[in-house]
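In the numbering used here, the protein residues as written are 839 to 984. Ideal Cβ positions, reconstructed from N, Cα and C, are used throughout, including at glycine. Written below as structure tokens is the structure these notes are about.
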Ligand SMILES: CC(C)(COP(=O)(O)OP(=O)(O)OC[C@H]1O[C@@H](n2cnc3c(N)ncnc32)[C@H](O)[C@@H]1OP(=O)(O)O)[C@@H](O)C(=O)NCCC(=O)NCCS
């Protein structure tokens with residue numbers, strides 16, 4: 839599949855976050871604290887100039903992880919009809935490479951139960967106990983050394 843990965847704005851990321859992660863909820867529910875910080879970056883994967891997948895990276899340490907230089911992955915989403923084609927894999931890989939270039943040690947995320955296999959295949963491990971996020975469901979903290 840012919841794809842392009844580019845830096846995008848938070849506002850562009852909402853166009854995919856909204857239908858995939860906050861379907862039926864107000865658009866404001868897509869806005870995350872820190873979306874517009876200078877340390878945050880957003881990536882988009884495009885097919886034929888259409889934005890079909892997004893993920894965002896926030897400078898944030900998790901209390902269960904001891905490494906000094908950590909980033910949190912948030913808002914990982916691929917439009918329904920483009921899922922299971924390897925696009926999630928390529929966009930996350932690209933982001934991990936950028937983090938390595940910034941000398942980061944660890945990436946972590948709060949993973950939905952449905953996405954566990956995706957992250958496991960990407961080399962992420964579970965740490966701690968699962969927890970519930972209201973209206974969204976069970977989540978696991980998953981992390982990977984970069
Ligand atoms: C989770 C998500 C981001 C993964 O993105 P994706 O593009 O579907 O992921 P990939 O295609 O890279 O990998 C997903 C699966 O497709 C398979 N796959 C990878 N490349 C493939 C290819 N070229 N052709 C067919 N299948 C492929 C993978 O093996 C994987 O299989 P699995 O279901 O056994 O894990 C996406 O499915 C999504 O947006 N889901 C809904 C929102 C969500 O849950 N987000 C995560 C929040 S924590």
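Whether residue i touches residue j by CB criterion (8 angstroms)
i	j	result
residue 895	residue 933	yes
residue 915	residue 880	no
residue 889	residue 945	no
residue 870	residue 926	no
residue 898	residue 909	yes
residue 948	residue 979	yes
residue 920	residue 882	no
Residue i versus residue j: straight-line alpha-carbon distance, rounded
i	j	result
residue 982	residue 930	12 angstroms
residue 853	residue 840	21 angstroms
residue 905	residue 955	24 angstroms
residue 967	residue 976	10 angstroms
residue 866	residue 984	32 angstroms
residue 962	residue 864	31 angstroms
residue 844	residue 935	14 angstroms
residue 918	residue 971	22 angstroms
residue 857	residue 907	32 angstroms
Close-in-space but distant-in-sequence residues of the same chain around residue i (CB under 6 angstroms, 5 per side omitted)
i	result
residue 884	842
residue 877	897
residue 887	none
residue 873	848
Status (buried if at least 16 other CB within 10 Å, exposed otherwise) for residue i
i	result
residue 937	buried
residue 911	buried
Own chain residues within Cβ distance below 8 angstroms of residue i, not counting five before or after
i	result
residue 950	974, 975, 976, 977
residue 903	944, 946, 965, 981
residue 924	839
Would you mind listing the alpha helix (DSSP H) stretches within the region 881-955 that are 4+ residues and don't spill past its ends, in chain order? 925-939
Could you tell me which whole beta strand (DSSP E) segments of length 3 or greater appear in the region 851-885? 879-885
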